[in-house]
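J.:
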Amino acid sequence: MTSRTGRAAVAACTVALAVSLSACGSAEQAEGDGEASANAPSGKGDDIRVGLLLPENQTARYERFDRPLIERHVKELTDNRGEVVYANAKQDATLQSQQIDTMITNKVDVLILDAVDARAVAGSVREAKEAGIPVVAFDRLAEGPVDAYTSFDNEQIGRVQAQALLEALGDDADKGQIVMMNGSFTDPNAAQFKRGAHQVLDGKVTVGKEYDTTEWKAEHANKNMEGAISALGKDEIVGVYSANDSMAGGVITALKAGGFSTLPPVTGQDAELSGVQRIVAGEQFMSVYKPYGPEAEAAAAMAVALARGEPLDTIAEDTVDSAGTPDIPAVLIPVVPLTRDNIQETVIADGVYTVAQICTERYRAACEELGLR
Ligand code: GAL
340 MTSRTGRAAV AACTVALAVS LSACGSAEQA EGDGEASANA PSGKGDDIRV GLLLPENQTA
400 RYERFDRPLI ERHVKELTDN RGEVVYANAK QDATLQSQQI DTMITNKVDV LILDAVDARA
460 VAGSVREAKE AGIPVVAFDR LAEGPVDAYT SFDNEQIGRV QAQALLEALG DDADKGQIVM
520 MNGSFTDPNA AQFKRGAHQV LDGKVTVGKE YDTTEWKAEH ANKNMEGAIS ALGKDEIVGV
580 YSANDSMAGG VITALKAGGF STLPPVTGQD AELSGVQRIV AGEQFMSVYK PYGPEAEAAA
640 AMAVALARGE PLDTIAEDTV DSAGTPDIPA VLIPVVPLTR DNIQETVIAD GVYTVAQICT
700 ERYRAACEEL GLR
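In the numbering used here, the protein residues as written are 340 to 712.
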């Protein structure tokens with residue numbers, strides 16, 4: 340991955356974050372009108388139809404943030420005339436390729452694609468290109484001839500998680516082993532999180548068991564964790580690297596059922612509401628807060644520019660390579676580690692959650708302790 344510098348784009352995007360998030364709850368349902376628009380991407384004005392393909396609906400980010408934010412930015416960039424045609428693949432790669440086919444048939448002007456299976460989707464990306472429809476890879480780098488990419492710095496996420504875990508472990512790092520619960524092998528981000536985490540953990544702590552978790556599912560993480568507890572023994576496990584919050588939920592349930600009186604530190608990602616609540620309660624050590632606003636804004640800006648046939652150089656300052664496709668213009672957004680110490684300055688200050696949403700009855704006392712009121 341080549342990294343010139345994405346700072347200018349990131350800064351510009353961050354300014355818009357607060358504005359963007361305030362629209363999260365009020366986004367309208369966008370739909371296609373079935374009318375064919377021009378096939379060639381160049382020369383479009385504001386009547387742009389963007390096909391948005393998201394991978395699943397279990398992790399809250401997709402429906403709660405990514406979709407409404409992208410819809411809002413497309414409207415803003417097109418004087419309210421552009422529209423988003425939306426499809427969620429519910430973790431099914433075959434369904435996603437059918438959804439892409441439908442969008443190609445309906446002649447959308449550009450695709451924003453978050454792949455369920457980055458490799459399997461390459462053929463569909465090629466078909467879109469052949470039909471004159473440019474593709475922005477969103478969050479996960481789809482293989483095939485994509486035109487642009489936006490994501491967070493995914494290796495950095497793995498390093499941030501691992502660094503936090505090492506800090507939480509302190510002297511306990513030498514007293515036992517950790518378990519690593521990585522994400523799905525069909526998701527290229529999962530490999531990057533894992534790579535980043537290993538860069539920090541290797542040589543500092545022993546990894547007793549490591550799993551790639553099918554479909555990122557909490558229930559699979561729960562089963563894997565049960566297996567790790569019986570294989571290693573509960574007294575041997577000093578910490579758990581979990582690549583995201585929903586899996587952390589499954590891991591923590593297994594730890595509780597496995598008889599841990601004090602829970603070892605467990606990491607996460609996505610600042611899901613349930614993850615933030617577990618952090619408040621002291622059950623989960625950390626999450627990774629990914630400001631979804633700048634990522635959505637970059638995706639919308641690149642999609643609209645591509646549909647109009649405009650260059651991306653003022654938006655994308657980085658480039659990345661994927662299998663067979665070098666120098667893809669990219670916007671990579673930095674992330675923030677989220678612990679008990681910075682809930683106020685991150686998810687609350689940015690309007691992602693209100694104190695009332697986090698501090699329900701069950702978490703009220705812990706919230707008081709943290710000064711969240
Ligand atoms: C990753 C994404 C994470 C999380 C995960 C589970 O690709 O970057 O934010 O959503 O998938 O779907």
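No residue lacks a Cβ here, since even glycine has one placed at the ideal position from N, Cα and C. Owing to the predicted nature of the structure, the values given are computational and were not obtained by experimental measurement.
(1) Under 8 Å Cβ to Cβ from Ala570, same chain only, skipping five residues before and after it: list those, please.
(2) Compute the beta-carbon to beta-carbon distance between Ala582 and Gln616, rounded to the nearest angstrom, for a pair I have assumed lies under 8 Å.
(3) Might you give, ordered along the chain, the residues of its own chain that have their beta carbon closer than 7 Å to the beta carbon of Leu713, omitting 5 neighbours on each side?
(4) Across which residues does DSSP place Ile667 in a beta bridge pair?
(5) Rounding to the nearest angstrom, what Cα-Cα distance links Asp666 and Ala426 in this structure?
(6) Can you tell me which of the three DSSP states Gln692 falls into?
(7) Identify the continuous alpha helix (DSSP H) that holds Ser585 and give its terminal residues.
(8) Ignore the nearest five residues each way along the sequence and tell me which others in Ala432's own chain have a CB closer than 6 Å to its CB.
(9) Exposed or buried, which one is Asp513 when buried takes at least 16 other CB atoms within 10 Å?
(10) Bridge partners of Ala476, per DSSP?
(11) Put Ala426 into one of helix, strand or coil per three-state DSSP.
(12) Is it the case that the segment 486 to 497 contacts the segment 636 to 644, given that we only count it when at least three CB pairs across the two stretches are under 8 Å?
(13) Below 7 Å CB to CB, which residues in the same chain sit around Tyr631 once its five sequence neighbours on both sides are set aside?
(14) Alpha carbon to alpha carbon, what distance is there between Ala655 and Gly597?
(15) Let me know the secondary structure DSSP gives Val674 once reduced to three states.
(16) Return yes when the C-beta of Lys595 is under 8 Å from any heavy atom of the ligand GAL, and no when it is not.
(17) Cβ atoms of Met520 and Asn563: under 9 Å apart, would you say?
(18) Alpha carbon to alpha carbon, how far is Leu505 from Gln538? Give it in angstroms, no decimals.
(19) Following a CB-centred definition, is Gly509 positioned closer than 8 Å to any heavy atom of the ligand GAL?
(20) Looking at the ligand GAL, does it come within less than 8 Å of Asp492, judged from the CB to the closest heavy atom?
(21) From this set, Asp385, Asn561, Asn681 and Ala467, which residue's C-alpha is nearest Met442's C-alpha?
(22) Going by beta carbon distance, what residues of the same chain come within less than 8 Å of Ile687, once the five residues before and after it are set aside?
(23) With a threshold of 6 Å on Cβ separation, who are the neighbours of Asp478 within its own chain once the five nearest residues in sequence on each side are excluded?
(24) Is it the case that the CB of Pro604 approaches a heavy atom of the ligand GAL more closely than 8 Å?
(25) Need the endpoints of the beta strand (DSSP E) that Ser626 sits in, please.
(26) Of all the options Asp385, Glu402 and Thr664, which has the alpha carbon lying nearest to the alpha carbon of Asp448?
(27) Taking Cβ positions, are Gly663 and Ile576 nearer each other than 9 Å?
(28) Per the DSSP calculation, Tyr550 is bridged to which residue(s)?
(29) Please state if the CB of Ala560 and the CB of Gly589 are separated by a distance shorter than 9 Å.
(30) Can you tell me whether Ser585 is buried or exposed, with buried defined as 16 or more other CB within 10 angstroms of its CB?
(31) Quick one: does the C-beta of Ala620 sit closer than 8 Å to a heavy atom of the ligand GAL?
(32) How is the beta strand (DSSP E) around Arg411 delimited, first residue to last?
(33) Measuring only from the beta carbon, is Tyr580 closer than 8 Å to any heavy atom that is part of the ligand GAL?
(34) Is it buried or exposed, Asn419, if we count other Cβ atoms within 10 angstroms and call 16 or more buried?
(35) Val539 lies in the alpha helix (DSSP H); which residues open and close that run?
T.: Let me lay it out:
(1) Gly547 and Lys548
(2) With 8 Å as the limit, Ala582 and Gln616 do not qualify as a contact, their Cβ atoms being about 19 Å apart.
(3) It is not possible to answer for residue 713, since the shown part of the chain is limited to 340 through 712.
(4) Val659
(5) 28 Å
(6) The sequence given here places Tyr at residue 692; Gln does not occur at that position. Coil at Tyr692, not helix or strand.
(7) Asp584 to Ala596
(8) Val455, Asp456 and Ala459
(9) exposed
(10) Leu452 and Tyr488
(11) strand
(12) yes
(13) Arg400, Phe404, Asp405 and Leu408
(14) 48 Å
(15) coil
(16) no
(17) yes
(18) 12 Å
(19) no
(20) no
(21) Ala467
(22) Thr693, Val694, Ile697 and Leu711
(23) Asp453 and Ser490
(24) no
(25) Ser626 to Tyr628
(26) Asp385
(27) no
(28) Met520
(29) yes
(30) buried
(31) no
(32) Unbroken run through Arg411 is the alpha helix (DSSP H), Arg406 to Leu416; no beta strand (DSSP E).
(33) no
(34) exposed
(35) Pro527 to Leu540
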